[in-house]
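In my numbering, the protein residues as written are 5 to 184.
In structure tokens:
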């Protein structure tokens, strides 16, 4: 029994659509950071802490750093701003394996191309926890951040399927380094 040309075309189209659903992020050789968790609270005294995950799998944490370079409204930072911030970080004993890092880095393009829900006010004096992933442009030297999730006084989250997985992974890392 021969398959009709219509069936072959339909099956080929389905394979292409399914294969094209998941984009894998290609990391630039010049990119240094991939992910960031940041907590800020102005209630009852200023608190600012968090961590970066770099392209080597190092987890670098910071706590109330002076002269910190905060991203602009688009969550963008220049290469030099990132370097200055990293100089204020301390390397933890936590190291992400290449395979594990690749697994979550592969989701950056999908998260970057997805929408984020509207901000919703849910608390007061809880501060703000942000989970961010970064893409780097070699042409401009700019790190473009993409919000994965925000928790605290206001909440919002990226609507991409993988954002929940990345958030849970970053929360596990936060717990693992809390004693470091």
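Backbone N, C-alpha and C define an ideal beta-carbon position, used for all residues, glycine too.
Taking the alpha-carbon positions, what's the residue i to residue j distance?
{"i": "residue 64", "j": "residue 162", "result": "24 Å"}
{"i": "residue 157", "j": "residue 99", "result": "31 Å"}
{"i": "residue 145", "j": "residue 46", "result": "31 Å"}
{"i": "residue 159", "j": "residue 127", "result": "9 Å"}
{"i": "residue 67", "j": "residue 111", "result": "28 Å"}
{"i": "residue 138", "j": "residue 51", "result": "23 Å"}
{"i": "residue 179", "j": "residue 49", "result": "23 Å"}
{"i": "residue 113", "j": "residue 89", "result": "24 Å"}
To the nearest whole angstrom, what separates the beta carbons of residue i and residue j, a pair I think is in contact under 8 Å?
{"i": "residue 4", "j": "residue 140", "result": "The question about residue 4 has no answer, for the chain in this structure spans 5 to 184."}
{"i": "residue 86", "j": "residue 37", "result": "6 Å"}
{"i": "residue 39", "j": "residue 174", "result": "6 Å"}
{"i": "residue 42", "j": "residue 134", "result": "5 Å"}
{"i": "residue 170", "j": "residue 136", "result": "Not a contact, Cβ separation roughly 10 Å."}
{"i": "residue 147", "j": "residue 80", "result": "7 Å"}
Could you give the DSSP three-state label for residue i: helix, strand or coil?
{"i": "residue 74", "result": "coil"}
{"i": "residue 183", "result": "coil"}
{"i": "residue 90", "result": "helix"}
{"i": "residue 103", "result": "helix"}
{"i": "residue 164", "result": "coil"}
{"i": "residue 118", "result": "coil"}
{"i": "residue 157", "result": "coil"}
{"i": "residue 170", "result": "helix"}
{"i": "residue 21", "result": "A caution first: residue 21 carries a pLDDT of 42, below 50, which makes its placement in the model too unreliable to give a value."}
{"i": "residue 32", "result": "coil"}
{"i": "residue 134", "result": "strand"}
{"i": "residue 113", "result": "helix"}
Are the beta-carbon atoms belonging to residue i and residue j less than 9 Å from one another?
{"i": "residue 61", "j": "residue 32", "result": "no"}
{"i": "residue 55", "j": "residue 181", "result": "yes"}
Review point. Using 8 Å as the Cβ pair cut-off and three pairs as the minimum, do the region 63 to 81 and the region 115 to 127 touch?
Key: Note that the region 63 to 81 does not touch the region 115 to 127; fewer than 3 beta-carbon pairs, one per stretch, sit closer than 8 Å.
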